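Quick note, the numbering used here runs 180 ahead of the 1-based positions in the sequence shown. A virtual CB, placed ideally from N, CA and C, is assigned to each residue, including glycine. Just so it is clear, the structure is predicted and the values come from calculations on it, not from any experiment. The block underneath contains the structure these notes are about, expressed in structure tokens.
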Amino acid sequence: PDIVETVHRLTDGYGADGVVITAASSSDAIVAQAFQFCRRKGRVVVVGDVGLNIARADIYPKEIDLLISTSYGPGRYDSIYEEQGQDYPLAYVRWTENRNMAEYLRLLASGRVSLANMLRPPYEIDRAEKAYAALKAPGEKPLLVLLTYPEREAAAATVTVTVAPASTRSGVIRVALVGAGNFAQGVHLPNIRKLSDRFRVDTIVARTGLSATGVAERFGIVNASTNFAEVLADAGIDLVLIATRHHLHASMVLEALCTGKHVFVEKPLALSEEQLAPIVAFYEKNPNGPLLMTGYNRRFSPAIREAQRVLAGRTSPVIVNYRMNAGYIAPDHWVHGDEGGGRNIGEACHIYDIFAALTGSSPVSVQAMAVDPGSKYWRRDDNFTATIGCADGSVCTLTYTAMGSKGYAKERAEIFVDGKVLALDDYKQLSVVGAKGGWKSMTVDKGQEQELLVLSDVLRKGGTWPITLDDQLATSRVSFEVERQIKQ
């Protein structure tokens with residue numbers, strides 16, 4: 181029988197009040213048929229994964245509502261709910277993904293929901309391939325299969341596994357990389373692979389074992405771990421490279437330093453003076469302690485190195501105007517929250533470090549002003565200017581904005597000194613007017629590989645730190661003061 185006609189016949193000719201689609205198909209016919217089932221002003225809810233090319237004639241005459249339901253329920257894909265643990269008030273959102281699961285478990289426990297007809301004899305984990313084959317078999321097939329694992333002692337809270345044979349090369353800096361996010365995988369690990377005569381990542385540490393082992397297998401890393409303390413206890417690790425979210429940086433740096441490990445930490449070093457203070461205290465007690473380097477890579481870029489060469493021997497202070505067309509990031513992104521500390525502390529700190537590198541002088545004053553955006557779409561703390569006065573009389577200004585076009589270069593700067601003008605164009609070119617010099621490249625080079633080269637030279641041969649401790653602390657403190665002023 182015609183199913184559309186049947187639905188209308190069973191509903192006195194009106195059509196269904198609502199249709200829930202739980203199918204999985206690339207076909208658009210399923211949603212089209214669901215619209216035909218509905219009465220005027222009916223509702224179609226898509227739970228499954230179906231084609232959604234909608235014909236206007238199917239939905240317009242009846243003014244049908246089409247709703248999409250994410251997996252699990254409200255809260256899914258909401259970082260504030262899933263990561264920060266902020267629940268939706270029950271009076272406003274009755275069924276969240278947690279409440280849905282709690283109710284489902286209650287129904288299972290009470291016997292109101294039974295899986296008895298769905299269950300087949302389980303497969304031992306060693307026969308997993310046959311289990312998956314059963315799901316693909318022609319004809320009648322199970323809706324699900326169960327895998328059983330051998331009995332074992334309770335799993336430890338953390339896991340370290342060996343996933344690749346260890347290298348026996350000597351004279352190489354052994355690294356523990358903490359954090360397996362996009363930046364670690366997209367920048368640090370490829371660069372370390374290129375510098376394999378200098379570095380070897382022995383251990384990757386991540387929050388979950390699955391993430392750690394996945395990255396380890398991809399990059400041929402010997403150990404994958406979820407245990408930071410265990411890695412610090414490994415006497416064979418020379419350098420701890422920290423690339424976690426920002427709120428963990430300062431505490432992990434301190435832990436690593438206290439075990440005698442050298443530390444490279446991605447910016448920022450800390451999110452507040454309270455986080456910074458224990459690191460300062462550590463070096464007051466241990467002035468010859470392990471090396472600490474914050475990942476202010478731009479000062480090691482070919483463009484900034486060439487600018488430093490041109491500025492060497494200058495006879496007057498410099499004026500630096502730096503513009504960062506940072507790009508828009510949604511207000512609920514983790515960078516803006518407690519884990520990120522905001523874009524000033526988390527990213528603009530790069531530029532405060534460049535000011536120190538170009539002037540060779542300490543900051544003595546900070547003046548910052550933010551744009552009042554007039555709406556919640558833009559934020560004050562990623563649309564601001566900051567002017568830093570230096571001990572040698574130099575004045576450096578950063579214009580940082582998320583309100584610009586993505587089609588415009590992200591970073592540009594102009595440096596004025598001694599009758600010269602140096603113009604930086606997005607780390608692809610440095611032009612010099614009034615003196616000889618300059619640099620040009622076909623690609624953006626922000627110095628990530630060069631910073632590792634400099635770091636390896638110091639760790640293997642000795643010498644002064646790539647970035648002085650005073651510069652690293654001063655850069656953090658400038659960012660804290662800018663943050664205070666732009667949030668007033």
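- In the pairwise beta carbon analysis, the segment 624-634 is classified as touching the segment 480-496: at least three pairs are separated by under 8 Å.
- Of the candidates Asp650, Ser251, Leu602, the residue whose Cα lies closest to the Cα of glutamate 464 is Asp650.
- In the three-state reduction of the DSSP assignment, serine 659 falls in the helix class.
- Non-local beta-carbon contacts of asparagine 280 in its own chain, meaning distances under 7 Å to residues more than five positions away in sequence, involve Tyr252, Gly253 in chain order.
- Between the segment 415-423 and the segment 386-397 there are fewer than three C-beta pairs closer than 8 Å, too few to call the two in contact.
- Sixteen is the threshold: when 16 or more other Cβ atoms of the shown chains lie within 10 Å of the Cβ of alanine 364, as they do, the residue is buried.
- Scanning Ala404, Asn407, Val443 for the CA closest to the CA of serine 636 turns up Val443.
- As the crow flies, the alpha-carbon of valine 658 is around 9 Å from that of isoleucine 525.
- Here glycine 522 is buried. Its C-beta has 16 or more other C-beta atoms within 10 Å.
- With contacts defined by Cβ atoms closer than 8 Å, valine 544 and glycine 569 form a contacting pair.
- In the three-state reduction of the DSSP assignment, lysine 221 falls in the strand class.
- The segment 226-239 makes contact with the segment 194-203: 3 or more CB pairs, one atom from each, lie closer than 8 Å.
- Assignment of beta strand (DSSP E) within the segment 417-505, counting only whole runs of 3 or more residues, yields 419-422, 442-445, 472-474, 499-505 in chain order.
- Residue burial is scored here from C-beta neighbours: isoleucine 647 has at least 16 other C-beta atoms within 10 angstroms and is therefore classed as buried.
- Methionine 281 sits in a helix when the DSSP states are folded into three classes.
- A straight line joining the alpha-carbon of alanine 492 with that of glycine 587 spans about 34 Å.
- A contact between stretches requires three or more CB pairs, one per stretch, nearer than 8 Å, and the segment 486-503 fails this requirement with the segment 430-444.
- Under the criterion of beta carbons closer than 8 Å, valine 662 and alanine 566 qualify as touching, at roughly 5 Å.
- In the DSSP secondary-structure assignment, valine 613 is bridged to Val601.
- Taking all protein chains in view, the Cβ of glutamine 455 is crowded by 16 or more other Cβ atoms within 10 Å, so the residue is classified as buried.
- Rounded to whole angstroms, the gap between the alpha carbons of alanine 537 and cysteine 529 is 12 Å.
- For proline 543, the enclosing beta strand (DSSP E) has its first and last residue at 543-550.
- At least 8 Å separates the beta-carbon of alanine 461 from that of leucine 449.
- Straight-line measurement puts the Cα of serine 207 at about 47 Å from the Cα of glutamate 446.
- DSSP places glycine 569 outside any alpha helix (DSSP H); the residue lies instead in the beta strand (DSSP E), whose first and last residues are 563-570.
- Around the beta carbon of tyrosine 272, fewer than 16 other beta carbons sit within 10 angstroms, so the residue counts as exposed.
- In this structure, alanine 582 sits near isoleucine 509, with a CB-CB distance shorter than 8 Å.
- Counting along the chain, the unbroken beta strand (DSSP E) around threonine 581 starts and ends at 575-581.
- Around the Cβ of glutamate 304, a 10 Å sphere holds fewer than 16 other Cβ atoms; the residue is exposed.
- Sequence-distant partners of glycine 469 (beyond 5 residues in either direction) whose C-beta falls short of 7 Å from its own C-beta, in its chain, are Leu437, Phe462, Tyr463.
- Non-local beta-carbon contacts of glutamate 277 in its own chain, meaning distances under 6 Å to residues more than five positions away in sequence, involve Tyr252, Gly253, Gly255, Arg256 in chain order.
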